[in-house]
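Taking numbering that gives the first Met the number 0, the leading residue of the sequence shown gets 0, the next gets one more, and so forth.
C-beta: ideal position from N, C-alpha, C; glycine also.
Before any comments, here is the structure.
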Amino acid sequence: MKNTVLRIKAELENVKKLYYDDDFLWVFNIKDSTSSLTRENIQFRNTDVLEIPNSRGTANFLIKWTEYPKYSTINFVKTKTGCSYDSGADNDWRDFATFECRGIELVEFLPQGNFIVEDTKGKIYYDVNLSDGNWCDYNQVSGCL
């Protein structure tokens with residue numbers, strides 16, 4: 000099965016790294032790969048483990064499209080190249096996460112909360128919400144981020 004790679008592009012000012020942990024909440028709009036059926040705002044975490052009915056497998060997310068007897072699934076795939084976007088990639092497209100999708104197409108990534116940001120002075124910011132596309136904070140040592 001072919002993997003789907005989520006690539007992101009970000010402008011990082013006074014930010015060393017943008018990343019996520021295992022408890023990150025992934026939110027997507029999805030489409031059935033064999034029809035025009037869609038679902039919006041589906042959510043799952045890397046730590047979710049769902050049993051696939053009539054199968055020995057598990058998935059992070061599963062859905063049964065109304066017209067089909069089989070379940071479609073998404074599984075997060077751990078890779079060496081994904082999981083963070085650092086300042087060296089500033090304003091370039093980079094791999095951020097990889098998913099194994101069976102019967103599902105990821106149409107749109109909807110960034111929500113719980114990103115983690117490390118500034119250039121080493122301070123860590125948790126639960127950063129990027130749903131509006133921008134984030135700004137203030138560090139007493141380095142100033143505005």
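Quick check on the DSSP output: what are the complete beta strand (DSSP E) runs of length 3 or more inside the stretch 75 to 106, in order along the chain?
83 to 85, 93 to 101
In terms of DSSP beta bridges, what is Asp117 paired with?
Position check: residue 117 holds Glu in this sequence, whereas Asp was assumed. The partner list for Glu117 (beta bridge, DSSP) reads Lys16, Ile123.
If you drop the 5 nearest sequence neighbours on each side, which residues of the same chain put their C-beta closer than 7 Å to that of Phe95?
Leu5, Arg6, Ile7, Gly81, Tyr84
Give the DSSP-derived three-state secondary structure of Thr72 in the structure shown.
strand
Could you please give me the residues that DSSP links to Thr3 through a beta bridge?
Phe98
Taking one C-beta from the stretch 53 to 61 and one from the stretch 31 to 40 each time, how about it: are there three or more such pairs within less than 8 Å?
no
Straight-line gap, Thr37 to Glu50 (C-alpha atoms, nearest Å):
22 Å
Put Glu10 into one of helix, strand or coil per three-state DSSP.
coil
Based on the DSSP output, what are the partners of Asp21 in its beta bridges?
DSSP output for Asp21 lists no bridge partner at all.
With a cut-off of 8 Å on the beta carbons, I'd call Phe27 and Glu107 a contact; round off their distance for me.
6 Å
How would you write the range of the beta strand (DSSP E) that Asn40 sits in, first residue to last?
37 to 44
Over what stretch of residues does the beta strand (DSSP E) that includes Leu61 continue unbroken?
60 to 63
Does DSSP classify Glu50 as helix, strand or coil?
strand
Give me the Cβ distance between Asn113 and Phe98, rounded to the nearest whole Å; I'm assuming they're in contact under 8 Å.
Wrong, their Cβ atoms sit about 18 Å apart, outside the cutoff.
Below 8 Å, how does it come out for the stretch 40 to 50 and the stretch 118 to 129: are there three or more Cβ pairs, yes or no?
no
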